[in-house]
Every structure is written in structure tokens, then in C-alpha cells.
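Take a look at the structure below.
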Amino acid sequence: MRSFARLLFALCLPFAAHAASDVPTALEPWRAWVMHDQEFRACPLISGRAGAQAGDYLCAWPGTLALAADAHGASLAQRWRVDADSWVPLPGDAAHWPQEVTVDGQPAAVVDREGPALRLAAGSHEIRARIPWTDRPQALRVPESVGLIALSIDGRTVAPVQRDGDEVTLGRVAVEAPEADSLQLRVYRRLEDGVPALLSTRIEIAVSGQAREEVFGPALPPGFDPLSLASAWPARLDADGRLRVRVQPGSDTLVLEARALSPVDAVKARVPGEPWPQQEIWSYAAAPALRVTVANAELPVDPAQAQVPAEWAQLPAFALGDGATLATEQRSRGQDPDAQNQLRLEREMWLDFDGHGWFARDRVRGRMLRDWRLDVAPPFLLERAQAGDDPLLVTRGEQPGSTGVEWRSAEVDLGAGVRIEPTSAAWPIAGWRSNFDGISATVHLPDGYRLLAAPGADFARGSWVSAWTLYDVFVAAVLALLAWRLLGWAGVSVAVAYVVLGYQEPGSPRWLLLAALGLGLALRALPAGRLARAFEWTRRVVLIVLALAALPFVAGQLRTAMHPQLEGSATGRATDFDFGVARRQAMAPAPRSGEGEVAADAMQDEAAVATAPLPASAPAAPPPAELAKSQAAGGVFRHRAMSQKIERYGESTVLQTGAGEPGWTRGQRYELGWSGRVVPEQTMRLLIAPSWLVRILRVLLVGLLAWLVVRLLKPVVRAWKAPPHAAAAAFVALFALAAPHARAQAFPPGDLLAGLRARLAEAPKCAPSCAAYANAHVVAHGDEIRVALEAHALERVALP
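With the first letter of the sequence shown counted as 1, position 739 gets the number 751 in the numbering used here; the numbers rise by one all the way through.
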């Protein structure tokens, strides 16, 4: 109720809005453009906030909600003041959805945004709606942001309004026959191997009838002590192990955590009497990092058929009745020698502008089960590595030329910068000396380059080969066949070359070319007459359209051949380069003796690489998973696992930040992927057409298209008896009209717009102390309280 009371006394002071520095007249039309997603700055600033984000401003202010409820539904009426386009919550929920919603008398769309909501433009609006029902609920959801409510039930005004959070009480409706009391339970348990073993019990309760207290259990089998109990309903665990729950109509899930008092080789289920189900569903979670175990019971079940909770669906499940036993068989102690690391690699890579090398930004995620070191092998060179925001020390690996980092945590989230300079056409897919369960890569090529294919990848979206489908091959074959029958062997050679080079190019007139070839071939077979004349005129129209469509395509190809950077309309940010060497300042002990000492012995280009090799015999023993001792204080049981952190370095340790890293997004972008397990020995090839070759092919493509168009137009020109120089002059004139004209830059520079945005997005100079109360006068009379506040404000603020 405290938050509700604070909302009752909130007020908005309409002082002059914070004005940024004067905007030049030439930039004034760009104000809305640069302030995209910053519209909230037109709203009052909440007093005490810094004004740096949307949550620091109040853009929608609710008026009093008039709520009239009866046996058939509830009518809503409310005014909202909105200073910038905002989402406005409405009363109701999925079971009681607002209907017939109008804003200022016009129908409005309501969508689900954690409850029904409207999108309102700036201004003052009146909202009306109705929520129908057949049985009036005991409570109706009203957003907590709505502080003032005028409630009437069956025509009678209700004051004061009873409210609990976002629930407004409407009261119980008398029914002729109360619903009979019933209780149904479903019990799911998850036994997790460990030291100690942990038992998680989920009890799903479905209740009908009156609110009451129910007692059932014991809830735990012998040999387990409780750690915690979580429930939305009031519940407690008695000393005898029985659960005491204050139930109400509806459903809830109780979660009871417990630990084993001794090592567990077998667990015998103890099923209490009614209403406890006669069979419990048990799931078993092994701990392969500690030992290899297998669970067995008399009645295994399918987790999906047994409706096991989704987070346990991948575990083996068993149905246990009273006295049934779940036994665990130990196959071996310690980690499974055949277990592999469970890692995935996400890579973004850029080709150098000279095409001789690559830079890759890698992200390795997953679980580490063995080896405890991540290395890259030539032609890959690890320039930097970090765990979260913490840089890691890069050292030489055991294999010649390899570089990598030590990793001492089971959970892996490694960021790395890798330099790749392949010396052959085939190079490793991952470059890391680890197996990966899946790899995804984004390839950026400079302007003018093209990825033809990526042999060795499961897919290469955007490459020239991947763009061809069976349908495209069929269309290309038909076009080549028509060219052969109409233009002979020279024609089919040119047509095939044109299709191979230009079929996937945007704007390529392939369908018009196909129609012109088909009509020309049909005219050869038709006898003289009306039908032949109709086909002849149709072919002439198609040829004219083909020539007109080819001109902008030709102009675009020639322009891109001369200036590859003009291709496409993608815009990218400037390349970012970060240089320097980070020095670790964390206060933590240096690496222990026997784990290999490393030292930086060289620094090149302000980014040093530590080259002290680790001894081959240095043990790499990861810290085992340690569980915090269970504590029982005041009847509340808690259990938490101690978090593992990467070992810190000494203050004098020099860590690498790598050389400059590209970040441009212009040029061509391709997506590569591998869905199965990828081993270090797997290789791939990236067949890339360099910029100079792509330029030549574009000019050749224009020549091939021109040859086809001229050959198809030759019979038409001959029939019209036009001189050749007239046809050439007409073609040149059309080309000049279709060619794009150079224009001066009409947009302000990006840095100027960025500066304008920064100025317009400035927080008030007085933030966060822009307003304060000077005096308050409170008068209480009966059930009414009047408050008069004197507030001093320097800006337009929302003052609580």
C-alpha cells in the first residue's frame, strides 16, 4: 500500500521545458530525425533523477479511473495526459480483457504488453471501455500507476477502495450453491548427484471450493533434510515433515529443496495417503564432473507423457510408488574419460582491404570439461582474449606456433581477437584446438569483393552458389535453349555466359530477354497472316521494353565497376581502432607454483604477446565444484553454490589488448554455419572473387547483354529500314537519359547530426536536484485529507 499512497500524492509541475542551446536554422528540420527514440525528453523529468534514460522522465500522467462494476461487467472511464507517444496500461487481464475501447470517442486497438495496453499520441485523451463477465471476479487487475480510483459496485459508491498491489477488490458475489471443496496434487522430484546429493520436489496443487488450510505429507523421503520452501500461497513445513498450506481456489506450485544426509546409492520412495498421488515422478541428474552414474527403477516413463517440468525434460524419469526404489549404479569415479567439452563458436570476420589476411572477433561459449586451455594454431594468431570485461594473459601453447589462454572455470564465455593469414587455399574452420558443437560465422568483404562459394561449410548464405536454386537452373536452361535455336552456337555461348554472370544481379532483364527469344522463335514457325503480324508487333514492344530496362542496368553495372564503393545503399560506421596495453589492477594472488609461470618478454606495436611457454608436464587440474555448507538460521534453510571465478593476476602482469580491430559494416556480408560437431582438423575454402576481377566481369556482363540486345533488334531495325547510325544515336540518347546524374550531398554530415543529437539530448544542468518542497500544509477531517504543498522547481519536473 505504500507505493499506492505515494502515487496518490504525486503531482506534475508544468514549468517551461528544458531548452537546449539554440539550433541553427539549417539544422532545425533535422530535429525530429536526430531525436528518434529520444522523444521522452519532451516529458517532465522526475525529480531526483539524472535525466540520462527514458525511465528518468514521466511521459504519461493518469487521471481518476471511474470504475463501475455490476453483475454483467465493468465500465471504465479515465483521462490521460501524454507528453510524448507512450504506452498506457488498461485495467483487466487475459481473463477479463477490455472490450469496446474508445479514445476520444474513436475505436482504438488494444494489445498485450504484460496486460492490455494502448498506444497514445501526445495530448489529453479520454479512454472508455467495458469489461464483460458472467461471474463477477473478487478482484480486478488495475495497474499500480493508476493511483486514483472512483469505484462503484451495483450502483453504490465504495470508499475507501481496498487494494493490494495491482488488485482492486470488488467483493464476493453470492451464488446459489457453493462449489464443493476438492484438492488434487501432482508430485515431481529431481535427484541431483553431488556432495551432498540434492532433492528438488515440485508439488502442483489444483484447488476448488472455499479458501482453507490443508495438511498433507510427509513431503520428503527418509534421509533428506529440507533447505528451502517456496510458494505463492502461505505454507510451512512442520517438524514431522508434513506440509501445511493455506489454499484458495486456483492452482499453485510448491518447490521444496532438500539435501541428503549421507551418500546416496538408492532412494526408497515413501508415498503418504490421500490427497498425495499414489505415484511420484522422479528424474535423475548425474554429475559427470564428479563420477559416471546410471539410475535404474522398475518403471521408467517418458518425460513428455508424464508431463515432467520442461527444465527436467532431458533427464531420465521413473514412476515410483510407495516402497519403490530408485538405485544409482556407479560406473567410474571422476570425470568420464570420453567426455568432450561442450563449446560453441560465434565468429565475425573481416577481410583486409588488400585481400591478404583476415581479422576475426570470436566468442566461445559453453562448458569446459577437460584440457582447461583454449589454444589457436597457425595460421591463426591470438592477439587478445577476455572473460567478460576482464582481459586474459595470452601465452604460447604446447604445440609449435600455437597461442592461447588458461581457463579455470567450467562455464566458458571467452571473447577473443584473432589474426588469420592463411598461406594456402584451405585453412581450419575454427582455428581453435578444441571441438565445437556448432559454429556460426559472419563474413565481411570490402566493396567490390564477392564470395563465390565456401566448400566445407554446411551453408553459406549470400554466396553466388547458394543463390542458385533448381528453379533458377531450369529457367537458365530454357533461356540457353531458346538462344541456341534462334541465334545459333554463338548466341547460346553468349546467353550462357550472360546468365552465369548476371542472373543473380539485381535488375537483370532476364524475363524480358526470355520473352524476346521465345517470341522470335515463335515467329519462325508461324505462317504469314494476322497471327504472325500480332506476334511481330508484340515482339517489337517487348524489344523496346527490353532496351529501356537494360539501360539503367547497364548504367548501374558500369558505375559500380568504376566505383565499387557506390554499390548498395548500406551505411556503416567508421572503423574503430583501439591500441594500447592493459595493465591488470585486480588485488589477487599470483598463479601458484607448479601451474606454469608466464612472463611478457616482448612488446610490439604497443600490444605485447607473452611468449613464455608453459611446461608440458604442468598439471591442469580445474577446481572441483564446491558446494557451500547448508545453513539453518531461524527456521529458514538456504543453499547456494560457490561461484567460480577466473584466477587473477598480479599487479605487475602486462596483458595484451591486441592491435587495431575493424568494425566497418559496409561492403558484402555473408553468413556461414556448421550445425554438427567440428573438429580441429576440418578445413574449409573461401572462394572469393577480388575487386579487380569483379570489375572486369561487370564490364563483360554489359558487353554480353549489349550483344544479345543488338542481335535481337537487328531484324526490327532492318524491317523499319532505319540507318544504323540513327539506331546508335537513339541508343546513346536513351542511355544518357537513363544514366544517373551526379548530385551534391544534400544531407548534413554525420558528425554534425551527432553533435545536434548530443545537444538536444542533454539533461538539465540542475539534474538530479531540480526541485524541492518548501512547505506543506496537511488538514485531516473525518475520512478526508487535504494536502497543500509549496514546491520550487527550476525545470519542468515530476515531483513526488
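Even for Gly, the Cβ is constructed at its ideal location relative to N, Cα and C.
Under the criterion of beta carbons closer than 8 Å, GLN354 and ARG379 qualify as touching, at roughly 5 Å. A straight-line Cα-Cα distance of about 40 Å links ARG377 and ILE58.
Put simply, the backbone Cα of GLY367 is about 15 Å away from that of TRP439. Taking 8 Å as the cut-off, the beta carbon of ILE441 is found closer than this to the beta carbon of MET696.
The residue among SER421, ALA465, ALA428 and SER295 with its C-alpha nearest the C-alpha of ALA437 is ALA465. CA-CA distance, ALA120 to GLN111, rounds to 10 Å. If the five residues before and after PRO144 are omitted, its C-beta is found closer than 8 Å to the C-beta atoms of HIS84, GLY85 and GLN111, all from its own chain and listed in chain order.
The three-state secondary structure of TRP523, taken from DSSP, is helix. Approximately 5 Å separates the beta-carbon atoms of GLU138 and ARG91; this is inside 8 Å, confirming the contact.
Boundaries cannot be given for TYR515, as no beta strand (DSSP E) includes it and DSSP labels it neither H nor E.
Beta-bridge analysis with DSSP links TYR461 to no other residue.
In this structure LEU130 is in contact with LEU102, their Cβ atoms being roughly 6 Å apart against a cut-off of 8 Å. Counting only the Cα atoms, GLN398 lies some 20 Å from ARG382. By the neighbour-count criterion, in which 16 or more other beta carbons inside 10 Å mark a residue as buried, ALA546 falls on the exposed side. Per DSSP, the continuous beta strand (DSSP E) segment holding ALA297 begins and ends at 292–297. One thing to note: LEU713 has its Cβ no nearer than 8 Å to the Cβ of LEU525. Counting only residues of its own chain and dropping the five nearest sequence neighbours on each side, GLY503 has a CB closer than 8 Å to the CB of ALA495, TRP496, LEU720 and ARG723. A residue is called buried once 16 or more other Cβ atoms fall within 10 Å of its Cβ, and GLU395 is buried on that count.
In the DSSP annotation of this structure, the continuous segment of the alpha helix (DSSP H) that includes PHE547 starts and ends at 542–574. Here MET361 is buried: its Cβ has 16 or more other Cβ atoms, across all protein chains shown, within 10 Å. In this structure the stretch 684–695 lies against the stretch 451–458, because at least three pairs of beta carbons, one per stretch, are closer than 8 Å.
Under a 10 Å Cβ-count criterion, ASP459 is classified as buried, with 16 or more other Cβ atoms of the shown protein chains found around its own Cβ. The Cβ atoms of PRO576 and SER446 do not sit closer than 8 Å to each other. If you look at GLY688, you'll find it isn't in any beta strand (DSSP E); DSSP assigns it neither H nor E. Cβ atoms of VAL477 and ALA492 stay farther apart than 8 Å, at about 19 Å. Distance check between GLN352 and each of ALA472, GLU126, ILE215 and PHE448 places PHE448 closest, using alpha-carbon atoms only.
Bridge pairing for MET361: ALA372 and VAL455 [DSSP]. Distance from the CA of VAL100 to the CA of VAL154, rounded to the nearest whole angstrom, comes to 12 Å. Across the set PRO321, GLY60, ALA272 and ARG462, the C-alpha of ALA272 shows the shortest separation from the C-alpha of PRO234. Around the beta carbon of THR146, fewer than 16 other beta carbons sit within 10 angstroms, so the residue counts as exposed.
If you ignore the 5 residues before and after GLU310, its C-beta comes within less than 7 Å of the C-beta of ALA336, all in its own chain and listed in chain order. Exclusion of the five residues before and after ALA64 leaves ALA775 as the residues of its chain whose Cβ lies within less than 8 Å of its Cβ.
VAL388 is positioned such that its CB atom lies no closer than 8 Å to that of THR407. The beta carbons of ASP97 and ALA133 sit closer together than 8 Å. In this structure, DSSP gives ASP68 a helical state, which the three-state scheme calls helix. Taken in chain order, the whole alpha helix (DSSP H) runs of length 4 or more contained in the stretch 427–510 number zero.
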